[in-house]
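Below: one structure, written as C-alpha cells.
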Amino acid sequence: MGNVNITVDSRACKKCGICVEFCPRAVLQAGPLGEVLVVNLEACNQCRLCELRCPDLAIIVEGE
C-alpha cells in the first residue's frame, strides 16, 4: 500500500478497544492505560474498520 497515516484523537478516545479488536492486521494495540497505540503501521491495508467502528470518531485513516 502507499503512504498511510493513522491519527488517534486522545481527547475523544474513551479507550473502549473496539478499534483494536476490529483491526484485521494487528496495526493497533491497547497501551498499559488503555490508550490506542499504532504499533504496526506497515501492515495497514487501509480497510478503515478502526475508523468506521469507532463510536467517538477518534480515529482518522489517511493515505493514498
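Quick note, our numbering runs 555 ahead of the 1-based positions in the sequence shown. Even for Gly, the Cβ is constructed at its ideal location relative to N, Cα and C.
Subject >> DSSP beta-bridge partners of V563 >> reply: I614
**OP:** Grab the span of the alpha helix (DSSP H) containing V575 for me, first residue to last.
**Re:** I573 to F577
Original post:
Can you name, in chain order, every residue of its own chain whose Cβ lies under 7 Å from the Cβ of F577, other than the five neighbours on each side?
Top reply: L604, C605 and R608
Subject >> Spatial distance of A598 from V575 (CA atoms) >> reply: 14 Å
Subject >> Selected residue, minimal CA-CA separation from C554, among A581, E590, I561 and L583 >> reply: The question about residue 554 has no answer, for the chain in this structure spans 556 to 619.
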